[in-house]
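Chains E and X, in that order, give the protein sequences.
The numbers in the numbering used here rise by one with no breaks, and the one at position 39 of the first sequence is 39.
The numbers in the numbering used here rise by one with no breaks, and the one at position 94 of the second sequence is 556.
Reading through the structure tokens given below for one structure.
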Amino acid sequence: MVGYLVVLLLVLAAAAYWIGRTRAIASVNGDVARLHSLPSQHGMFLALFAAGPALLAILLWSLVTPGFESSIIADRFSSELSGMGIPQVEAFIRDARAMAFGGLVGFADPTKEAAAAVYKSVHTTSTWIIWAVALVLSASGFYWAYSRIAQAYRARHVVERVLRAFLIACSVVAILTTIGIVLSLIFESLRFFQQVPFYKFLFGTHWSPQSAFTGAGAEAGAVNQDIFGMVPLFAGTLLITFIAMLVAAPIGLMAAIYLSDYASKSVRAVAKPVLEILAGIPTVVYGFFAALTVAPYFRGIGESLGLNVASESALAAGVVMGIMIIPFVSSLSDDVINAVPQSLRDGSAGLGATKSETIRKVVLPAALPGIVSAMLLAVSRAIGETMIVVMAAGLAANLTANPLEAVTTVTVQIVTLLVGDQEFDSAKTLAAFALGLVLFCITLTLNIVALRVVQKYREQYD
Amino acid sequence: MTDAISSFGAVGRPVSIHTDDAAKARLKGRYRTETWFKWLGAGAVALAGLFLVLLLSTIVTQAIPALRQNYLTLPIDLSAAKVDPAKLDAVNYDAIAQEALTARFPDITSRQDKRLLRGLISTGTGVFLRKDIAADPGMLGGTVDYAVPLDDFADLYLKGLLADVGSDEAISTSVTPSKTSGDIDLTFGDDAMLALARGHGATEGENGMLTLTSGASSLLVVFNGGTVKLTALSPGPNGTAVAKGTVIEALDSTAPAASDQAFLRVIDTPEASRKISDKEIVWLDTLKSAGQIESRFNSIFFFTGASREPELAGVWGAVVGSFLTMIVTLAIAFPIGVSAAIYLEEFAPKNRLTTIIEVNINNLAAVPSIVFGLLGLAVFLNFFGMPRSAPVVGGMVLALMTLPIIIIASRASLRAVPPSIREAALGIGASKVQTVFHHVLPLAMPGIMTGTILGMAHALGETAPLLMIGMVAFIVDIPAGFTDPATILPVQIFMWADFPEAGFQQKTSAAILILLVFLVIMNAIAVILRRRFERRW
Chain E
1 MVGYLVVLLL VLAAAAYWIG RTRAIASVNG DVARLHSLPS QHGMFLALFA
51 AGPALLAILL WSLVTPGFES SIIADRFSSE LSGMGIPQVE AFIRDARAMA
101 FGGLVGFADP TKEAAAAVYK SVHTTSTWII WAVALVLSAS GFYWAYSRIA
151 QAYRARHVVE RVLRAFLIAC SVVAILTTIG IVLSLIFESL RFFQQVPFYK
201 FLFGTHWSPQ SAFTGAGAEA GAVNQDIFGM VPLFAGTLLI TFIAMLVAAP
251 IGLMAAIYLS DYASKSVRAV AKPVLEILAG IPTVVYGFFA ALTVAPYFRG
301 IGESLGLNVA SESALAAGVV MGIMIIPFVS SLSDDVINAV PQSLRDGSAG
351 LGATKSETIR KVVLPAALPG IVSAMLLAVS RAIGETMIVV MAAGLAANLT
401 ANPLEAVTTV TVQIVTLLVG DQEFDSAKTL AAFALGLVLF CITLTLNIVA
451 LRVVQKYREQ YD
Chain X
463 MTDAISSFGA VGRPVSIHTD DAAKARLKGR YRTETWFKWL GAGAVALAGL
513 FLVLLLSTIV TQAIPALRQN YLTLPIDLSA AKVDPAKLDA VNYDAIAQEA
563 LTARFPDITS RQDKRLLRGL ISTGTGVFLR KDIAADPGML GGTVDYAVPL
613 DDFADLYLKG LLADVGSDEA ISTSVTPSKT SGDIDLTFGD DAMLALARGH
663 GATEGENGML TLTSGASSLL VVFNGGTVKL TALSPGPNGT AVAKGTVIEA
713 LDSTAPAASD QAFLRVIDTP EASRKISDKE IVWLDTLKSA GQIESRFNSI
763 FFFTGASREP ELAGVWGAVV GSFLTMIVTL AIAFPIGVSA AIYLEEFAPK
813 NRLTTIIEVN INNLAAVPSI VFGLLGLAVF LNFFGMPRSA PVVGGMVLAL
863 MTLPIIIIAS RASLRAVPPS IREAALGIGA SKVQTVFHHV LPLAMPGIMT
913 GTILGMAHAL GETAPLLMIG MVAFIVDIPA GFTDPATILP VQIFMWADFP
963 EAGFQQKTSA AILILLVFLV IMNAIAVILR RRFERRW
């Protein structure tokens, strides 16, 4: 229904553009040069005012109504819903909505049917309201703008100002995203820290939130605060990241050195796309590779050596993550190494140094801040990586430094806590947001440090 | 360096610190290091290439079997007695297909065996049959040859993925059975069979008795038109061997089979460690040699939605879900990203706000993707109450994630347009907005498109944030709109990789292959755009 309204408004806008244009030309009897703004700008002006406010109103309406309608249903049926938990209420409202819009529902009962009827009527009313509001806005906008069009009217300025406002609004979306991330993480984390003190979360060494509710009877629902210690997760994350960097740092760096200083054009023409493809493969594919090929392979090697390798060993996840990060390290290092001026290399060669001596004693020291920053960014990437560890690392928290054992990571726990239907208010679910906050802070800090390292220690050669 | 002044060597040539033996050794060492270093670098590149080859070859070799599916052609009785044309919906089509299969093996009488036999064809058979009858009512009224998909285990066995089966070897001695069915005794003309059984993991007992348990390879003797599975062997009189066996397929007669008339089929994988029994293998081989099984292009996989049964699971639902999600992502991220880039590059004054926006965009590009999922969960689902598992929410989350990529690429592209273009436009009286939109933006468009496509390719492969907003739900229906529950290709891969059934492993690889094909296409378009339209100034 509202879709038709949007289409109608777009048609109106096109019509308004044409009307505005025609009126502008008519106002100067066809002598377009006498107009302050071009006829098309007058047309755009009219179109903007005819459709813009109405479209904004529709956007606002579509953001607000679902919640509003749900709350009306929850309100009307509060007596029937009083005994239910939040997920059941949500499911009830979802079913009612589905029935109201002609969908199929697993278990229909009279209450739901009644709710669906109410939903339908509420929705019809709100649809009528938005139609009326949109049409009134459109008509008044059109009338106001139409009366403005005249020879001296500065339509161009208005249009360009509106356009610029739109551009600014788009740029602000990035900031809004960050604010949204920070606020949502902080609010949910605060709710978590009300139930579990943050020092127990940060410094506790026991993590098993699946058994969050230990009490029975009167104690049921009491949160066991001692099972939300994130130290094992953090240790596991660091272990896997460390293994990944052991793989990625030397290979990535050496590959970058080779490609920038040694490789012939034909080698580069092959090697660069190889690295780009490696970078473009989705992480879920790496995860599948780690879980189904690499982990059993390591397990087999371990068995033949008499070692007990877990089938979800940190080693397998770490190595595959390392492979994933190789192109990241190599492309960042490549940029940094190429940024070292050729004059330094020439000077070193002129003193009789071999190529490798030049690289090791001149180029790498000069590029060091950039390389350090690249490594930090790679670490940040490894810490935030999710799919590989979800598929190939363990689920149970295990405080160990042995790479052959299974460990779990922060991201794995976020996924396990939030996948599937869960109450949104339980400490278990909120813990995921606290973990997310920790993750966000760590990666942000690493990124900022990486940036500062470059800014502070970079040598300006040219 | 003072002692570097030349002294005279044996041949009378001046020797300096740069040419003496120590220096030569030093130089040799330095060159050796040089070579080492160079090969180390080449090795690193080669290792990266090796990883890629390993990864892709694993995926491709695993995916290839899933592209085909084995079908069993059965004469299915669709006469009016079985299927009432007036009540097509009330018919148990599965039972009709199963009857046709059991009729093919009249010897099988026990309930257990019948159930095993029925399990050879897919549980989705009835659905296909019903659909095809609805499409072509002409099938009704008689017996038609109809191809039904095989169950996943049967299918995997026929693709050679479930058990190692050796080729048939002729037995170079006579074989005499005691009966034609049930548990029987077999007498072999010589004792070569004993050594063979020992070689295949038979357990030694008293008096040279050998027992073939389910932990040993299966030895099947094929003769007289039937198949006998050996269970135990012992040496008989006069250098013969006597074996106990179970008839899997009834023999025609108890006449002795002459030398080279009987065949031995060895299934190397022990019965205990494979998911298909000897009986099923024999039945399938019989059906296959009768020409009733054919391998077809696996259209089920490409054109149906998800299923718990590996042979019925398809990627189409996930592909459509991915497509819908990408449309939303593109519709949001492209206009907003390009507008933001235009503002920051062309209009923004140098002030605190724009600096904050810039730093912010760079940081946003490095935020782990799962955090965007948390944002989507907290804001879109819980605050705005948008539907779970819907492509519209997934698309919005991915759009926020792709936005920084598009902005950064678009800015680079706008920056590459030389100032002379802007100055020329401004010089002939264009406004700033006209300059940007009529002159700069069209010239920057190829670069912007390239960046956008690469960003979209990145979004297409993203999984973690979509797990957070419930796109992991098990959804059978193909989504028809932006608010329908849907799953997407990478999430489907993630879910299938978790399923224990062996058949899903191939399906997962095949789904990965499809995802990679899409990514390759997108990247190829980006490369072509870059090659064709990008201008160097």
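The beta carbon of each residue, even a glycine, is placed where N, CA and C say it ideally should be.
Can you find the residues in the same chain that come closer than 6 Å, C-beta to C-beta, to residue i, ignoring five residues on each side of it along the sequence?
i	result
ILE823/X	PRO866, ILE869
ALA988/X	THR912, ILE915, LEU916
MET671/X	SER696
TYR555/X	GLY588, LEU591, ARG592
VAL6/E	none
ALA220/E	Here the model assigns ALA220/E a pLDDT of 48, short of 50, so the residue's position is not dependable and the matter cannot be decided.
SER373/E	ALA450, VAL453, VAL454
How far does the beta strand (DSSP E) with residue i in it reach, from first residue to last?
i	result
GLU711/X	703-711
ILE646/X	645-650
LEU399/E	Segment: none, LEU399/E is in no beta strand (DSSP E) and carries neither H nor E.
LEU624/X	Segment: none, LEU624/X is in no beta strand (DSSP E) and carries neither H nor E.
LEU35/E	Neither: LEU35/E is in no beta strand (DSSP E) and is coded neither H nor E.
Is residue i near residue j, with beta carbons less than 7 Å apart?
i	j	result
ALA703/X	PRO697/X	yes
ILE388/E	GLY252/E	no
SER784/X	ILE538/X	no
SER171/E	ALA50/E	no
ILE240/E	THR429/E	no
GLY965/X	PRO772/X	yes
GLU312/E	ALA393/E	yes
THR407/E	ALA314/E	Here the sequence assigns Val to residue 407/E, which means Thr is not the residue at that position. Yes, these two residues count as a Cβ contact at 7 Å.
ALA919/X	ASN985/X	yes
PRO927/X	PHE842/X	no
THR925/X	PHE956/X	yes
ALA431/E	PHE192/E	yes
VAL709/X	SER643/X	yes
Give every residue of the same chain whose Cβ lies closer than 7 Å to the Cβ of residue i, excluding the five residues on either side of it in the sequence, and list them in chain order.
i	result
LEU888/X	THR897
MET463/X	Confidence at MET463/X is low in this model, with a pLDDT of 44, below 50, so the placement of that residue should be treated as unreliable; the coordinate-derived value is given next. Correct list: empty, nothing qualifies.
GLY969/X	First, the amino acid is wrong: residue 969/X is Lys here, not Gly. Result list for LYS969/X: ALA528, PHE763, PRO772, ALA775, TRP958, in chain order.
LEU444/E	none
VAL415/E	THR386, VAL390
ALA316/E	ALA290, VAL294, ALA295, PHE298, ALA392
GLY687/X	LEU713, ASP714
ALA216/E	In this prediction, ALA216/E has a pLDDT of 46, which is less than 50 and means its spatial position is unreliable; what the coordinates show is noted afterwards. Cβ within range, chain order: n/a, list empty.
What residues are listed by DSSP as bridge partners for residue i?
i	result
TYR533/X	PRO611/X, GLU756/X
SER313/E	ALA406/E
PRO697/X	ALA703/X
ILE583/X	LEU612/X
TRP745/X	Answer is none; TRP745/X lacks a bridge partner.
LEU692/X	GLY707/X
Please list the terminal residues of the continuous alpha helix (DSSP H) segment that includes residue i.
i	result
THR497/X	483-525
ILE633/X	Run containing ILE633/X: none; DSSP gives neither H nor E here.
THR124/E	110-148
ASP463/E	As shown, chain E starts at 1 and ends at 462. That puts residue 463/E outside it, with no answer to give.
ILE976/X	964-995
THR817/X	814-827
THR22/E	2-27
Can you find the residues in the same chain that come closer than 8 Å, C-beta to C-beta, to residue i, ignoring five residues on each side of it along the sequence?
i	result
ALA720/X	SER636
GLU820/X	LEU806
Comparing the C-beta of residue i with each C-beta of chain A, is any distance below 7 Å?
i	result
GLU69/E	Protein chains in the displayed structure are E and X, and chain A is not among them.
Residues, ordered as in the chain, of the segment 140-171 of chain E that lie near chain X by beta-carbon distance below 7 Å: If the cut-off is 7 Å between Cβ atoms, the segment 140-171 of chain E has ARG156, GLU160, LEU163, ARG164, PHE166, LEU167, ILE168, CYS170, SER171 near chain X.
The segment 36-69 of chain E: positions lying closer than 8 Å to chain X by Cβ: Within the segment 36-69 of chain E, LEU63, PRO66, GLY67 place their CB atoms closer than 8 Å to a CB of chain X, listed in sequence order.
task: With 8 Å as the C-beta to C-beta threshold (strictly closer), list the residues of the segment 286-303 of chain E near chain X in chain order.
output: Answer set for the segment 286-303 of chain E: TYR286, GLY287, PHE288, PHE289, ALA291, LEU292, THR293.
Positions along the segment 602-622 of chain X whose CB lies within less than 8 Å of some CB in chain E: With the criterion set as a beta carbon lying under 8 Å from some beta carbon of chain E, the segment 602-622 of chain X has no members that meet it.
message: So if I threshold CB-CB distances at 8 Å, which residues from the segment 886-898 of chain X count as touching chain E?
response: If the cut-off is 8 Å between Cβ atoms, the segment 886-898 of chain X has SER893, LYS894, VAL895 near chain E.
- request: Could you list the residues in the segment 424-454 of chain E with a C-beta less than 7 Å from some C-beta on chain X, going in chain order?
  value: Those would be PHE424, PHE433, GLY436, LEU439, PHE440, THR443, LEU444, ASN447, in chain order.
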